[in-house]
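To keep things clear, I will list the structure first and then write my remarks on it.
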Amino acid sequence: MKIAIVGTGYVGLVSGTCFAEMGVDVTCVDVNAEKIEALERGEVPIYEPGLDEMVLRNQREGRLHFTTDLTTCLNDVDVVFSAVGTPPDEDGSADLKYVLEVARPLRRARKHVVEQDAMATQWLLRKALINLTIS
Ligand SMILES: NC(=O)c1ccc[n+]([C@@H]2O[C@H](COP(=O)([O-])OP(=O)(O)OC[C@H]3O[C@@H](n4cnc5c(N)ncnc54)[C@H](O)[C@@H]3O)[C@@H](O)[C@H]2O)c1
1 MKIAIVGTGY VGLVSGTCFA EMGVDVTCVD VNAEKIEALE RGEVPIYEPG LDEMVLRNQR
61 EGRLHFTTDL TTCLNDVDVV FSAVGTPPDE DGSADLKYVL EVARPLRRAR KHVVEQDAMA
121 TQWLLRKALI NLTIS
């Protein structure tokens, strides 16, 4: 099975690497080109015990890939996990703009989507995947 994880932060990078460790072919996608370039060089931007070794091993064995190109990646995967950030908005509530940004290409590609965010975000993404008008 091939999957994509959109958002290569704490949640996306750790879960993507764990799926790769279990033998799944994983592409981690992020809009942050510097982060993706660093990961391609084997530089892991966060600290989790054992993560560096797991990233390097799975990359070397061809199960873990990194890209900024979500659209191309979607042509080649069966399931997509959304793990983009939901930073605090000015009033302290979660800013959901990244969730909605990602919903559009996901809906267009008609892939199975798994939402890794909190419950309210899952509800919003589900609603966006159903109701978005694609231009
Ligand atoms: N970190 C935690 O312990 C934790 C626990 C439970 C739930 N969550 C939820 O999981 C989600 C991810 O959290 P995190 O801590 O990994 O966030 P993070 O900020 O560490 O990472 C989010 C990543 O998403 C990327 N991104 C933003 N817009 C994008 C887009 N359009 N396409 C591709 N990538 C994009 C950012 O560049 C960033 O690398 C959040 O909704 C958060 O609330 C996090």
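If you count the sequence shown from 1, position 81 lands on 81 in the working numbering, and the numbers rise without skipping.
Every residue gets a Cβ at the ideal spot worked out from N, C-alpha and C, and that includes glycine.
Just so it is clear, the structure is predicted and the values come from calculations on it, not from any experiment.
Cβ-Cβ distances below 8 angstroms link C73 to A4, T27, V29 and T67 in the same chain, with the five nearest sequence neighbours on each side left out; the list follows chain order. Cα atoms of K35 and A83: separation of roughly 15 angstroms, rounded to the nearest angstrom. The three-state reading of DSSP puts E40 in helix, counting H, G and I together.
Ranking E115, Y47 and D25 by CA distance to the CA of Y10 puts Y47 first.
Taking all protein chains shown into account, G12 has 16 or more neighbouring C-beta atoms within 10 Å of its C-beta and is therefore buried. For the pair V113 and Y98, the Cα-to-Cα distance works out to about 15 angstroms.
Spanning the alpha carbons of S93 and T8 requires a straight line of approximately 22 angstroms. When only Cα atoms are considered, E61 and E21 end up about 10 angstroms apart. The continuous alpha helix (DSSP H) containing A109 extends over residues K97 to A109.
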